[in-house]
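So the structure is just underneath, and the comments pick up after that.
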Amino acid sequence: MKSKLNEHQFSNLLELIEKDYVLYAPYKSDGVIKLEKFHGKEKLALGQKTTLPFKKYLTPNGDVERDKKIAFLALPLCDVHAIHILLRKISSATKIKRNDILIIGSDCKKDNSCFCEIMNGDHFEGFDLFIEKELEEYKVVSKTDAGDKYLNKIKLKNIHSVDFKRNLTKEPFNIEDIPKAIDDKEIFADFWQKIGNNCFACGACTAVCPLCFCGKQKFSEDNDPYYEWDSCFNNDFSCIQNKHDLRPTNSDRIYNWYHHKFVRSPRENNDFLCTGCGRCISACTANINIKNILSYFDKRIEEELK
Amino acid sequence: MKIELTYKEYLIKSKQEIAPETYLIKLKGDFIFEPGQFLQVYVDNIGEATFAPCSDSEDHKNFEICVRTVGNTTRAVAELNPGEKLKIRGPYGKGWPIGKLIGQNIAIISGGIGLIPLRPLLYQLQKYPKEFKNIYLLSGCRTPHHLPFKEDKWRFKYQKITAEKTIPGFESERGMITELVEKVDLPKDTRVLICGPEIMFQPLCDILNDKKISDKNIYISFERRMECGIGFCQHCSIGKFLVCKDGPVFRWDEIKKELNK
Chain A
8 MKSKLNEHQF SNLLELIEKD YVLYAPYKSD GVIKLEKFHG KEKLALGQKT
58 TLPFKKYLTP NGDVERDKKI AFLALPLCDV HAIHILLRKI SSATKIKRND
108 ILIIGSDCKK DNSCFCEIMN GDHFEGFDLF IEKELEEYKV VSKTDAGDKY
158 LNKIKLKNIH SVDFKRNLTK EPFNIEDIPK AIDDKEIFAD FWQKIGNNCF
208 ACGACTAVCP LCFCGKQKFS EDNDPYYEWD SCFNNDFSCI QNKHDLRPTN
258 SDRIYNWYHH KFVRSPRENN DFLCTGCGRC ISACTANINI KNILSYFDKR
308 IEEELK
Chain B
1465 MKIELTYKEY LIKSKQEIAP ETYLIKLKGD FIFEPGQFLQ VYVDNIGEAT
1515 FAPCSDSEDH KNFEICVRTV GNTTRAVAEL NPGEKLKIRG PYGKGWPIGK
1565 LIGQNIAIIS GGIGLIPLRP LLYQLQKYPK EFKNIYLLSG CRTPHHLPFK
1615 EDKWRFKYQK ITAEKTIPGF ESERGMITEL VEKVDLPKDT RVLICGPEIM
1665 FQPLCDILND KKISDKNIYI SFERRMECGI GFCQHCSIGK FLVCKDGPVF
1715 RWDEIKKELN K
C-alpha cells in the first residue's frame, strides 16, 4: 500500500469526502485567508490560519439549519482543539455532535501571534485525518474510524504520525498559575484599568476568537427560539432592568473576557477558552496582546514567589 | 444557531393587581419547582422575561407568578387576561437551601418585590413549623402600599414591615430595611435568606456580621440578565459563577468576592 497521495489522488479523497459532508476549506482571496465552501483545489491555502475561525459554520447564525454533516479541511491543530472545547461548551444546548463533523487537520505556518504550544493547542490529536503537503505529494494520517474509512477507500497506508517542524514562541511563559492571578482582580486593579483604558471595546477579539461563544437569544417570525453570536463588549450585554449596566466600563468588559476564558470556564470543565491561535492579537485595533498580558502575570507570579 | 428549548403552555386562571404596577397571575397546571428557582416566560412576537414562581410549591394544581411591569415583555405579560395562555420553560437554577434550614433559627429579609422568590419558602416554613426554630420575617418597602402579598397571613413569631414612607391605617415601622434589621435581636446561629435590590446586600451583611452572624449562614438570591437559563449564553455571569446554573441563590461568603468581576 502506498503512504503518500499525488495531486490526482488527493482530489479523489476530497471528492469522496464531499459525498458525505459539506466541505469547508481555506482559500486565499483579496489577501485574506477565508474558510469557504470547497470549490476546487486552486487558490486552496493549506497550512494557513484563516482570519475568521470555523465557528460560524459549526453553528450558523440566525435560524438557518445545518442540513448536512460538515467537514473542515486543513484546520491548524489549535483550531482542531478549539472545536472539541467549543463542542463541550455548546453541544448540550445545540445538540451538535462530534460525529457530525469530519476534522481534517494540517500542518500550519506559525506566525508571530501564535502561542499554541503554551496553551497545549498543538497536540497531535483530535482530528479524523491529518494532511501534510510535501512538495507535490500529501502525507495523510488517520486517527479515527471515520478517517480510516477514507484511507481504506483510497487504499492508502496509515503512517500514524508525521514529524512537522514548528517554531516555538520566543518568550514562553507558564500558564498554570495565571488563572489565580487573573481571579485576583483587586491586586491587579491598576493593571486592568490600564488595559481597559487602551481597549476600544470594539469586540473584534470576540468575533475572531474560535472559543468566544456568548449568545443572544432571538426568536424567529414563527416564535421559535434561536441564538445569535453576541459579544461581551456590547453595550447591553450585562444590562438588567432599567438599563442598569453591571459592566459599564471597558476595563470591566475586558476583565470579564479574560476571566471567562481563564477562570470561569476552567472551573466548569478544566478547559481554557484559548488555544493560543493568536487571532485576537492580529485583530486588535488597540494593539492589546494576550500573549504579553499572560506573560506579565507569569512574571509577576515569579516575582511574588521569589 | 438552533437551540433546544421546550416551552409548555399554561392557562391563566386569574390576574390581580396586588401593588402598583405589580400583578399576581395564577396559572393552571402542575409546575414542579423548588422554592427559589426561576422560570422563563415567552410572549409571542415580544420577547422573554424571567420570573420566580411565588406560590406554594406543593400545590400541584395551580401556581402563581408575580409581575412588576418594567419593560416590554413584563407589560405584555401583565396585559394578558384570564382564559389566555402563557408559554413557560423551566424551572431553572438552584433555590433556597431548605435542607440546611432544618432545626435552625431563620431570618427572611426582603426589599420591595424581593419577597416574590421567598414566598414559596414561607409556605414551607409555615406548613412544617416543628422542623424549624424561630422565624423572623422582615420586609422593607417604599410604602406599605407597594409591598406585594399584603394579604398573606403568616404565623411566624416575629414579623415586621418597614416602609420609607408610612401610610395611616397600615401598621409598619418607618425607615430602611437595614434600620429594621439593626433593631432586631437575631441569635448568632440564625440562617439568613435575603432577596431584594442588590444595593442593600453589603450594608445588610455588615449589620448581620455585627450581630455575629457569619457570611456562610447568609444566602442571597441574585438577579442578573437571563437569556438562555441553561448555562450557555454567559450573560448572567457573576465572576466565576453563572446565576442560572450555580444560583440564583448564593452563599454570601462565596459570592461576595465575585461581585466586582
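Heads up: the protein sequence lines correspond to chains A and B, in order. Per this note's numbering, the first sequence runs over residues 8 to 313. Per this note's numbering, the second sequence runs over residues 1465 to 1725. The beta-carbon is built from N, C-alpha and C at its ideal position, and this holds for glycine as well.
Less than 8 Å between the beta carbons of residue 81(A) and residue 28(A), yes or no?
Against a cut-off of 8 Å, the Cβ pair of residue 28(A) and residue 81(A) comes out as no contact.
Give the residues of chain A in contact with residue 1539(B), contact being defined as C-beta atoms less than 7 Å apart.
Correct list: empty, because the minimum Cβ distance to chain A is about 12 Å.
Between the Cα of residue 1507(B) and those of 225(A), 280(A) and 298(A), spot the shortest distance and give me the residue it belongs to.
Residue 1507(B) has its Cα closest to that of 225(A), out of 225(A), 280(A) and 298(A).
Less than 7 Å between C-beta atoms, sequence neighbours within five positions excluded: which residues of the same chain meet that for residue 1623(B)?
Answer for residue 1623(B): 1601, listed in chain order.
Grab the span of the beta strand (DSSP E) containing residue 1526(B) for me, first residue to last.
Note, residue 1526(B): beta strand (DSSP E), 1526-1532.
With 9 Å as the C-beta to C-beta threshold (strictly closer), list the residues of the stretch 258-271 of chain A near chain B in chain order.
For the stretch 258-271 of chain A, which is checked against every Cβ of chain B, the residues closer than 9 Å are 259, 262, 263, 266, 267, 270 and 271.
Check the Cβ of residue 1623(B) against every Cβ in chain A and list those closer than 8 Å, keeping chain order.
In chain order: nothing, as chain A lies at least about 28 Å away.
How many angstroms separate the CA atom of residue 245(A) from the CA atom of residue 275(A)?
Approximately 21 Å between the Cα atoms of the pair.
Looking at C-alpha atoms only, which residue of 149(A), 288(A) and 259(A) is the closest neighbour of residue 197(A)?
The residue with the shortest Cα to Cα distance from residue 197(A) is 259(A).
Do residue 1581(B) and residue 1669(B) have their C-beta atoms within less than 8 Å of each other?
No, Cβ-Cβ distance for residue 1581(B) and residue 1669(B) is not below 8 Å.
Kindly give me the distance between the Cβ atoms of residue 57(A) and residue 124(A), rounded to whole angstroms, as I take these residues to be in contact under 8 Å.
Contact flag wrong, Cβ pair sits at about 20 Å.
Could you work out which residues of chain B lie near residue 240(A), taking near to mean beta carbons separated by less than 7 Å?
Per Cβ cutoff of 7 Å: no residues; residue 240(A) is ~12 Å from chain B at best.
With a threshold of 6 Å on Cβ separation, who are the neighbours of residue 262(A) within its own chain once the five nearest residues in sequence on each side are excluded?
Counting only Cβ-Cβ distances below 6 Å, and skipping sequence neighbours, we find 199.
For the beta strand (DSSP E) that contains residue 110(A), what are its first and last residues?
Unbroken beta strand (DSSP E) run through residue 110(A): 108-113.
Are the CB atoms of residue 134(A) and residue 150(A) within a distance shorter than 8 Å?
Against a cut-off of 8 Å, the Cβ pair of residue 134(A) and residue 150(A) comes out as a contact.
Look at the alpha carbon of residue 1547(B) and the alpha carbon of residue 1529(B), and state the distance between them as a whole number of angstroms.
Each residue's alpha carbon lies about 16 Å from the other.
Determine, using beta carbons only, whether residue 1707(B) comes closer than 8 Å to chain A.
Cβ-Cβ to chain A under 8 Å: no for residue 1707(B).
Throw me the rounded Cβ distance for the residue 188(A) and residue 304(A) pair, which I believe falls under 8 Å.
Right, the Cβ-Cβ distance comes to about 4 Å (below 8 Å), so this counts as a contact.
Would you identify the three-state DSSP class for residue 1712(B), choosing helix, strand or coil?
Looking at residue 1712(B) - three-state DSSP - the assignment turns out to be strand.
In the DSSP assignment, what residue or residues form a beta bridge with residue 1618(B)?
For residue 1618(B), which the question treats as bridged, DSSP gives no partner whatsoever.
Looking only at its own chain, which residues have a Cβ that is under 6 Å from the Cβ of residue 1638(B), when we skip the five neighbours before and after it?
Only 1630 meet the Cβ criterion.
Measure from the alpha carbon of residue 272(A) to the alpha carbon of each residue in 158(A), 194(A), 90(A) and 186(A), then state which is nearest.
Of the candidates 158(A), 194(A), 90(A) and 186(A), the one whose C-alpha sits nearest the C-alpha of residue 272(A) is 186(A).
Could you check whether residue 1577(B) and residue 1486(B) sit closer than 8 Å to each other, using their CB atoms as the reference points?
Yes, these two residues count as a Cβ contact at 8 Å.
Considering only DSSP beta bridges, list what residue 1703(B) is partnered with.
According to DSSP, residue 1703(B) bridges with nothing at all.
Assuming the contact rule is C-beta atoms closer than 8 Å, residue 247(A) and residue 1689(B) should be a hit. Round their C-beta distance to whole Å, please.
Residue 247(A) to residue 1689(B), Cβ: 5 Å. Contact.
If the cut-off is 7 Å on Cβ atoms, which residues from the stretch 1682-1696 of chain B count as contacting chain A, listed in chain order?
Those would be 1687, 1688, 1689, 1691, 1692, 1694 and 1696, in chain order.
On the premise that residue 1541(B) lies in contact with residue 1534(B), defined as a C-beta separation below 8 Å, what is that separation, rounded to the nearest angstrom?
That pair is no contact at about 11 Å.
Can you tell me whether DSSP reads residue 1724(B) as helix, strand or coil?
Three-state DSSP puts residue 1724(B) in coil, outside helix and strand.
What is the DSSP secondary structure of residue 225(A), counted as helix, strand or coil?
In the structure shown, residue 225(A) sits in a strand (DSSP, three-state: E or B).
Over what stretch of residues does the beta strand (DSSP E) that includes residue 236(A) continue unbroken?
Counting along the chain, the beta strand (DSSP E) containing residue 236(A) begins and ends at 232-236.
Pull up the distance between the alpha-carbon of residue 52(A) and that of residue 1466(B), whole angstroms please.
Going from the Cα of residue 52(A) to the Cα of residue 1466(B) covers about 31 Å.
Would you identify the three-state DSSP class for residue 1592(B), choosing helix, strand or coil?
Residue state, collapsed to three classes: coil.
Return the first residue and the last residue of the alpha helix (DSSP H) that residue 25(A) is part of.
Element bounds for residue 25(A): 14-27.
Per the DSSP calculation, residue 149(A) is bridged to which residue(s)?
136(A).
For residue 224(A), decide whether its Cβ has a neighbour in chain B, counting only Cβ atoms nearer than 8 Å.
Closer than 8 Å: yes.
Flag this pair as yes or no: are the beta carbons of residue 1685(B) and residue 1713(B) separated by less than 8 Å?
Their beta carbons are under 8 Å apart, which means residue 1685(B) touches residue 1713(B) by this criterion.
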